[in-house]
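**Student:**
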Ligand code: PLP
C-alpha cells in the first residue's frame with residue numbers, strides 16, 4: 138500500500154513514483170535517496186529561476202516575517218510593486234493596462250475568460266484542438282487535451298478550432314470559425330507557444346494575422362503565457378516573437394519561478410477602463426496574497442539581474458545544436474523543434490511510427506537511472522531547463538539522454 142497520507146496528481150495512487158526532493162541549486166536538485174538530478178523539466182515547467190535562489194529565499198523570508206494578514210480587496214506596497222513590475226515586462230501595448238493577481242495558471246485563464254465575457258457581453262470561447270489551459274472544470278472545457286476526457290462534455294460555449302498552425306492557413310480557418318459563430322464569440326484563447334501539447338512554434342506572420350482576424354471580428358485575443366512566459370522562449374512572452382499585443386495576457390509558473398503560488402492576468406487599458414464602471418465579478422480568498430506578491434517582485438528582479446531572458450535565447454542555440462547532433466546519431470529522434478529553452482522531439486520506430494507506451498516506459502526508467510528529469514508525453518520528449526542552466530549542463534543532459542535512448546531502444 139502507498140504509505141503517503143496525501144494524494145499525488147494525475148496518477149492512480151498505486152502507480153505514483155514520487156520524488157522526495159530535498160533541495161537544489163541552479164539546474165540541479167537532490168533527492169532523499171542521495172541522488173543529484175539535472176532538472177530539464179524545470180519541475181513542472183515553472184522553476185525558471187532554478188533551485189535554491191538566494192534572492193527569492195530572502196524576499197520570502199522577509200515577507201513571512203512581516204506576517205501581513207490582508208484580504209484581496211486590500212492594497213499594500215508589494216501588491217502595487219508586483220503589478221507595476223509586471224506591466225514593465227508586458228508587451229508594449231499592455232503597459233498602460235492593469236494587473237489582476239490570482240494563484241495559478243488555470244485561474245488566470247478563468248479570470249481572463251470572465252473578463253472577456255463581461256467586456257463583450259458574449260459567451261463563446263474559441264480554443265485550439267491542441268492546447269492546454271489548466272485543470273479546473275472550466276479550463277479543461279476550453280482545452281484541446283486528453284486530460285479533459287473524464288469530464289466531458291464540460292462547460293458549454295467552447296468552440297474548438299483545429300488550427301493547422303500555418304501562417305497562410307491558420308488565420309484563414311480562424312476566419313471561417315469566427316464567421317460561423319458570428320457575433321457570439323467573446324475571445325480566442327491561444328497559448329503563446331503550445332507547450333505540453335508538443336511545442337508548436339508559430340511560423341513568421343502567424344500572430345499578426347491572428348491579431349488582425351480577431352480585430353476584424355471584434356473578438357478579444359487572450360494569450361495564455363503560463364508556460365511560454367517569463368523568458369522560457371527567449372523573449373519575455375511567446376507573443377513577443379510576433380510583435381503583437383493581446384487584449385488579455387495570462388501568466389503563472391515562471392511568474393514566481395515556482396517559489397510561491399501566483400498567477401496574473403494583464404488586461405489592456407480598454408478592458409481595465411470597462412471595469413471602472415462595471416463590477417469585476419472575480420476573486421478568491423487568497424488572491425494577491427502578500428507572499429505571492431513578494432515572490433513576483435523578487436522574481437522579476439531576478440530575471441533582470443541575471444539577464445535571464447537573453448540568456449535563454451542564447452542557450453537555446455546550444456540545445457538546438459546538441460539535439461540536432463543527437464538526431465543525426467539516433468534516427469529514432471525526429472522533428473526536433475523549439476526556441477529559447479523550450480524544446481521537444483518525437484521518438485519513432487524503424488518504420489517512422491510513433492513508439493508506444495512500453496518503449497516510453499523503458500525510456501523513463503533509463504532517464505531516471507541517469508538522474509535526468511524531463512517531461513514525456515505520448516511519444517514526445519521535452520527539454521525545458523531553468524534559465525540559469527549552463528552550457529556544460531546542457532551538453533551533460535543531452536549526453537545522459539543519448540545514453541538513455543541507446544539503452545531503451547536497444
Ligand atoms: N496554461 C498552460 C499553457 C499550461 O501549460 C498550464 C499548466 O501546465 C496551465 C495553463 C495551468 O496552470 P496551473 O497548473 O498553474 O493552473
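Numbering (our numbering), first residue to last: 138 to 547.
Note that CB positions come from ideal geometry on N, CA and C, so glycine has one too.
For clarity, every value in this text was computed on a predicted model and none was experimentally measured.
Taking the CB atoms as reference points, tell me whether residue 396 and residue 190 lie closer together than 9 Å.
**Tutor:** yes
**Student:** Is it the case that the CB of residue 400 approaches a heavy atom of the ligand PLP more closely than 8 Å?
**Tutor:** Under cutoff, so the answer is yes.
**Student:** Which residues in the same chain have their Cβ closer than 8 Å to the Cβ of residue 298, if we skip the five residues on either side of it in sequence?
**Tutor:** Answer for residue 298: 263, 264, 265, 266, 310, 311, 314 and 325, listed in chain order.
**Student:** Are residue 399 and residue 429 close, meaning C-beta to C-beta below 9 Å?
**Tutor:** yes
**Student:** Label residue 193 either buried or exposed according to how many other C-beta atoms from any shown protein chain fall within 10 Å of its C-beta, with 16 as the threshold for buried.
**Tutor:** buried
**Student:** Between the C-alpha atoms of residue 211 and residue 435, what's the straight-line distance to the nearest angstrom?
**Tutor:** 20 Å
**Student:** Give the straight-line distance between the Cα atoms of residue 155 and residue 501, rounded to the nearest whole angstrom.
**Tutor:** 14 Å
**Student:** On a Cα-Cα basis, can you pick out the residue from 473, 469 and 380 that is closest to residue 461?
**Tutor:** Taking the Cα of residue 461 as reference, the smallest distance to any Cα among 473, 469 and 380 is reached at 473.
**Student:** Return the CA-CA distance between residue 543 and residue 149, expressed in angstroms with no decimal places.
**Tutor:** 29 Å
**Student:** Rounded to the nearest angstrom, how far is the Cβ of residue 443 from that of residue 477, given a contact under 8 Å?
**Tutor:** Rounded, the Cβ-Cβ distance is 15 Å, inconsistent with contact.
**Student:** Just the C-alpha distance for residue 538 and residue 167, rounded to the nearest angstrom, thanks.
**Tutor:** Whole-angstrom Cα-Cα distance: 19 Å.
**Student:** DSSP three-state call for residue 472: helix, strand or coil?
**Tutor:** strand
**Student:** If you run the structure through DSSP and keep just helix, strand and coil, what is residue 143?
**Tutor:** coil
**Student:** Along the alpha helix (DSSP H) that carries residue 275, what are the first and last residues, could you check?
**Tutor:** 274-278
**Student:** State yes or no: is the C-beta of residue 153 nearer than 8 Å to some heavy atom of the ligand PLP?
**Tutor:** no
**Student:** At what residues does the beta strand (DSSP E) containing residue 319 begin and finish?
**Tutor:** That residue, residue 319, is in no beta strand (DSSP E); it is neither H nor E in DSSP.
**Student:** Going by other Cβ atoms of all chains shown within 10 Å of its Cβ, with 16 needed for buried, is residue 330 buried or exposed?
**Tutor:** buried
**Student:** I'd like to know whether the C-beta atoms of residue 348 and residue 383 end up nearer to each other than 9 Å.
**Tutor:** Contact flag set, yes.
**Student:** Kindly identify the DSSP beta-bridge partner or partners of residue 264.
**Tutor:** 297 and 326
**Student:** The beta strand (DSSP E) spanning residue 270 covers which residue range?
**Tutor:** Here residue 270 belongs to no beta strand (DSSP E), and DSSP marks it neither H nor E.
**Student:** Is residue 377 helix, strand or coil by DSSP?
**Tutor:** helix
**Student:** Could you check whether residue 176 and residue 523 sit closer than 9 Å to each other, using their CB atoms as the reference points?
**Tutor:** yes
**Student:** Is it the case that the Cβ atoms of residue 416 and residue 528 are separated by a distance below 9 Å?
**Tutor:** no
**Student:** Looking only at its own chain, which residues have a Cβ that is under 8 Å from the Cβ of residue 252, when we skip the five neighbours before and after it?
**Tutor:** 237, 385, 402, 404, 408, 412, 417 and 419
**Student:** Is there contact between the region 269-285 and the region 231-245, where contact requires at least three CB pairs shorter than 8 Å?
**Tutor:** Counting Cβ pairs under 8 Å, three or more are found: they touch.
**Student:** Can you give me the Cβ contacts of residue 449 inside the same chain, cut-off strictly under 6 Å, excluding the 5 residues immediately before and after it?
**Tutor:** 368, 371, 477, 478 and 524
**Student:** Looking only at its chain, what residues have a beta carbon closer than 8 Å to the beta carbon of residue 217, apart from the 5 residues adjacent to it on each side?
**Tutor:** none
**Student:** In chain order, what residues of the same chain lie with their CB nearer than 7 Å to the CB of residue 481, ignoring the 5 residues before and after it?
**Tutor:** 335, 336, 474, 475, 517, 518 and 519
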